[in-house]
Amino acid sequence: MFVNSLNGIIYGSFLALTSLGLSLVFGLGRVVNFAHGVLYALGGYFFIIFLPSLGWGAMVFAPLVVVPLAIAMEWLTIAPIRNRDEIYTLLVTFGLSFMITGAIEYLWGTETTLIKPPVIFQGTVDILGNQFPVYRLFASALSLLVTGLVFVFIQFTAVGLKIRAITDDNEMAEALGINTRWLLTSIFGGAAGFAAFAGALGAPIFSVEPEMGMGIIIDSFLAVILGGLGHLPGTAVGAFIVALAKSIGGGYIAEWAIAVLFLVVAAIMVLRPRGVFGRGRIA
Amino acid sequence: MLKVSSLHVHYGSAHVLHGVDLEVGAGKIVCLIGRNGAGKSTTLKSIIGLVSATSGEILFEEQRIDTMAAHQVARMGVAYVPEDRRPFGSLSVEENIRVAAQASPHSDANGVSEALAFFPVLEERARQLAGSLSGGEQQMLVIARALVARPRLILLDEPTEGLAPGLVRSIRDGIMKTRTHGLSILLVEQNLSLALEVGDYFYVLSRGFVAFEGTSEELLAREDVIAEHLGVGRVKEALRARE
Ligand SMILES: Nc1ncnc2c1ncn2[C@@H]1O[C@H](COP(=O)(O)OP(=O)(O)OP(=O)(O)O)[C@@H](O)[C@H]1O
Ligand SMILES: [Mg+2]
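Line order of the protein sequences matches chains A and B.
Note that the working numbering has the first sequence beginning at 1, numbered continuously upward.
Note that the working numbering has the second sequence beginning at 284, numbered continuously upward.
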């Protein structure tokens, strides 16, 4: 139980980072980006590709490669259909994520790669009589730190204020002189960078394989819905609820993890249709 | 400073504006009046750039703005206050104004505090979420949010709609006060007596056409125009205003 909860918190801190980007992109441009998961996967792959030559600097370098790819993707496929219904971007990004997963399998094969954490983080610590890998704790703390920085950025900077205004009323923000098109593309790139970073940071824990993006995108969507669409603090809380429900539920009966997860999500949605804080959008 | 010529606008296949011509001079308050659905809001939206014109030309200070994105038009010095007010509900009053100031190339360091002081109630409510304000307070907020950009032209869409008489007076005083700043206003107003009080020049819009233009005296002399394009009930209101 204790180990499962701790693993849930660790997974939750990764999920918080990926779902935050998903929530931001939705809040800003009503873009439902199903391809967010494959950006996470690309982060993991570029990380293991750069690792031999760059060492652990690859963790920074992998997101830097994913960001321009994501921006190109946004320009070519999402921007042209932005003014249509959300369902169009969902379908396009759904298709894209299968294409990119296919490309990953074609280029780098279907096997699973698990790499060792850096030497200084190898080994375990004793937590209440359980041996726990040091790297897990370090990675989880780092992704929580990055998540926290994103919040601080949005709450306390001028760009963050613009982002919050656009999330409230995109058209009105534009009419006040904010270049919403440009900001949306930048945020899309930024969100992709954080997803890719999570993919790289998680490589020594969750391993790297072509389907890794699919699992995380489903969990991220659940977190975003739980938090109330476009509501960022809600999204972060949603991420931990999803991760804990999955790991604790899975701890008792492994094949029931998904069932427990959906049960928890459904129950919360019935009680709080506008998300855990009751402040998000319904649709 | 603003010149709209033969402006046509479609929403899908619906032809809403049929060649609107209008002009706003520097420092003038020009009123756009007409029945529901005449196309008044659409005219303002196409000037700011939220709706794109099918044909025609919009010049602001001799520059074409009809081909620009809304944020570019705003940055040239045009502010827009929509009919449904649209404050940023999850931002505080002060943040609403600050974000507009930061988006404008013309605002300065004192801008935010000056705009808050324009309607004193906003200063009291500075930390409150805009979504929790009353309708009248929200209206004052969105006018202050437009002013903080230090625009040279404000497009004001039905600022007194649904407000109690006391609040209507505050908004009217606010409009009169902007006069002293040398600002131009294109005002859409259903309250005819208020329009006649503040307006320098009038355009009556009917089904996407300009049915009449002139000064308040010229408009008041035309009971037929008022009855046909504004409503028979409005004639009395106009006659009272003439006294
Ligand atoms: N987004 C839209 N899509 C389709 N038709 C629209 C849209 N907005 C307005 N219309 C139609 O265009 C016409 C003009 O609308 P507009 O809002 O400009 O009128 P208005 O003069 O401002 O009316 P009101 O006094 O009710 O505010 C109306 O027939 C309206 O139904
Ligand atoms: Mg209107």
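All residues carry an ideal CB built from backbone N, CA and C; glycine is no exception.
Opposing strand residues paired with residue i [DSSP bridges]
i	result
Glu537/B	The displayed coordinates of chain B run from 284 to 526. Any statement about residue 537/B would go beyond what the structure contains.
Asn83/A	BP columns for Asn83/A are empty, so no partner.
Pro133/A	Thr124/A
Gln346/B	Phe343/B
Val65/A	In the DSSP output, where bridge partners are listed per residue, Val65/A has none listed.
His291/B	His301/B and Ser338/B
Ala362/B	Ile437/B
Tyr484/B	Val313/B
Ile546/B	The structure shown does not extend to residue 546/B, since chain B is modelled only from 284 through 526, so no value can be given for it.
Ser186/A	DSSP lists no partner for Ser186/A.
Leu412/B	Ser375/B
Gly497/B	Phe485/B
Thr113/A	Val208/A
Phe492/B	Ser489/B
Leu271/A	Paired residues: none, contrary to the question.
Val502/B	Per the sequence shown, the amino acid found at residue 502/B is Leu instead of Val. DSSP output for Leu502/B lists no bridge partner at all.
Expected contact under 8 Å - CB spacing of residue i and residue j to nearest Å
i	j	result
Ile380/B	Ala398/B	5 Å
Leu333/B	Ala353/B	5 Å
Thr326/B	Leu315/B	6 Å
Gly123/A	Val134/A	5 Å
Glu86/A	Val32/A	5 Å
Ala427/B	Ser387/B	Not a contact, Cβ separation roughly 13 Å.
Gln473/B	Glu444/B	6 Å
Leu436/B	Gly360/B	7 Å
Val395/B	Ala384/B	5 Å
Glu344/B	Met423/B	Actually they do not touch by this definition, with Cβ atoms about 28 Å apart.
Gly514/B	Ser499/B	Actually they are not in contact, since the Cβ atoms of Gly514/B and Ser499/B sit about 18 Å apart, beyond 8 Å.
Val92/A	Ile81/A	7 Å
Leu20/A	Thr235/A	6 Å
Ala409/B	Val382/B	With a Cβ gap of about 14 Å, Ala409/B and Val382/B do not count as contacting.
Leu44/A	Val146/A	Reading the sequence as shown, one finds Gly at residue 44/A and not Leu. Rounded, the Cβ-Cβ distance is 16 Å, inconsistent with contact.
Leu137/A	Val125/A	7 Å
Val429/B	Val364/B	For the record, residue 429/B in the displayed sequence is Ala; it is not Val. 5 Å between Cβ atoms; contact.
Ile331/B	Leu438/B	6 Å
Ser329/B	Val292/B	5 Å
Ser295/B	His512/B	Note that residue 295/B is Gly in the sequence shown, not Ser. About 26 Å separates the two Cβ atoms, so there is no contact after all.
Worksheet item: Along the segment 378 to 395 of chain B, what residues have a CB closer than 9 Å to any CB found in chain A?
Response: Listed by position, the residues of the segment 378 to 395 of chain B near chain A (Cβ gap below 9 Å) are Glu378, Asn379, Arg381, Val382, Ala383, Gln385, Ala386, Ser387 and Pro388.
Item to complete: Just jot down, in chain order, the residues whose CB lies closer than 7 Å to any heavy atom of ligand 2.
Response: What you get when you keep residues with a C-beta closer than 7 Å to any heavy atom of ligand 2 is Lys323/B, Ser324/B, Glu366/B, Asp440/B, Glu441/B and Val471/B.
Discussion item. I want to know whether the segment 54 to 74 of chain A touches the segment 218 to 229 of chain A - three or more CB-CB distances under 8 Å.
Written reply: A contact between stretches requires three or more CB pairs, one per stretch, nearer than 8 Å, and the segment 54 to 74 of chain A fails this requirement with the segment 218 to 229 of chain A.
Worksheet item: Which residues, taken in chain order from the segment 168 to 185 of chain A, show a beta carbon closer than 8 Å to some beta carbon of chain B?
Response: Identification of residues in the segment 168 to 185 of chain A having a C-beta nearer than 8 Å to some C-beta of chain B yields Asp168, Asp169, Glu171, Met172, Ala173, Glu174, Ala175, Leu176, Gly177, Ile178, Asn179, Thr180 and Arg181, given in sequence order.
Worksheet item: Quick one: any contact between the segment 6 to 26 of chain A and the segment 191 to 203 of chain A, if contact means 3 or more CB pairs under 8 Å?
Response: The segment 6 to 26 of chain A makes contact with the segment 191 to 203 of chain A: 3 or more CB pairs, one atom from each, lie closer than 8 Å.
Worksheet item: Three or more beta-carbon pairs under 8 Å between the segment 176 to 195 of chain A and the segment 64 to 74 of chain A, yes or no?
Response: Because the criterion of three Cβ pairs below 8 Å is met, the segment 176 to 195 of chain A and the segment 64 to 74 of chain A touch.
Worksheet item: Between the segment 334 to 364 of chain B and chain A, which residues of the former have a C-beta closer than 7 Å to a C-beta of the latter?
Response: Cβ contacts with chain A come from Ala353, His354, Ala357, Arg358 and Tyr363.
Discussion item. With three or more beta-carbon pairs closer than 8 Å as the criterion, would you say the segment 33 to 41 of chain A touches the segment 237 to 255 of chain A?
Written reply: The segment 33 to 41 of chain A, when compared against the segment 237 to 255 of chain A, does not touch it at the 8 Å Cβ threshold.
Discussion item. Using 8 Å as the cut-off, can you tell me whether the segment 339 to 347 of chain B makes contact with the segment 147 to 161 of chain A, which would need three or more C-beta pairs spanning the two stretches below that distance?
Written reply: Taking 8 Å as the limit for Cβ pairs, the verdict is that the segment 147 to 161 of chain A does not touch the segment 339 to 347 of chain B.
Worksheet entry | Cβ-based contacts, 7 Å cut-off: residues of the segment 147 to 169 of chain A near chain B | So the close ones are Ala158, Leu161, Lys162, Arg164, Ala165, Asp168 and Asp169.
Worksheet item: Touching or not, the segment 265 to 277 of chain A and the segment 227 to 234 of chain A, by the rule of three or more beta carbon pairs under 8 Å?
Response: In short, these stretches touch, since the Cβ pair count reaches three.
Fill in: Segment contact, 8 Å Cβ cut-off, at least three pairs: the segment 166 to 184 of chain A with the segment 107 to 115 of chain A
Cβ pair count under 8 Å is below three, so no.
Fill in: the segment 303 to 317 of chain B / the segment 455 to 467 of chain B touching (three or more Cβ pairs under 8 Å)
Three or more pairs of CB atoms, one per stretch, sit closer than 8 Å, so the segment 303 to 317 of chain B contacts the segment 455 to 467 of chain B.
Worksheet item: On the three-pair Cβ rule with 8 Å, is the segment 168 to 176 of chain A touching the segment 367 to 382 of chain B?
Response: The segment 168 to 176 of chain A makes contact with the segment 367 to 382 of chain B, as at least three CB pairs between them are under 8 Å.
Item to complete: Check each residue of the segment 430 to 464 of chain B: if its Cβ is closer than 7 Å to any Cβ of chain A, include it; give the result in chain order.
Response: Among the residues of the segment 430 to 464 of chain B, those with a Cβ less than 7 Å away from any Cβ of chain A are Ala432, in the order of the chain.
Worksheet item: Using a beta-carbon distance cut-off of less than 9 Å, what residues from the segment 294 to 314 of chain B approach chain A?
Response: None of the residues of the segment 294 to 314 of chain B has a beta carbon lying less than 9 Å from any beta carbon of chain A.
Worksheet entry | Interface positions of the segment 477 to 507 of chain B facing chain A (Cβ-Cβ less than 8 Å), listed along the chain | Listed by position, the residues of the segment 477 to 507 of chain B near chain A (Cβ gap below 8 Å) amount to none.
Item to complete: Give a yes or no on contact between the segment 452 to 462 of chain B and the segment 484 to 493 of chain B, applying the rule of three or more CB pairs nearer than 8 Å.
Response: With a cut-off of 8 Å, the segment 484 to 493 of chain B and the segment 452 to 462 of chain B do not count as touching, because too few Cβ pairs lie within range.
Worksheet item: If contact means a Cβ-Cβ distance below 7 Å, which residues of the segment 408 to 423 of chain B contact chain A?
Response: Near chain A, meaning a CB-to-CB distance below 7 Å, no residue of the segment 408 to 423 of chain B qualifies.
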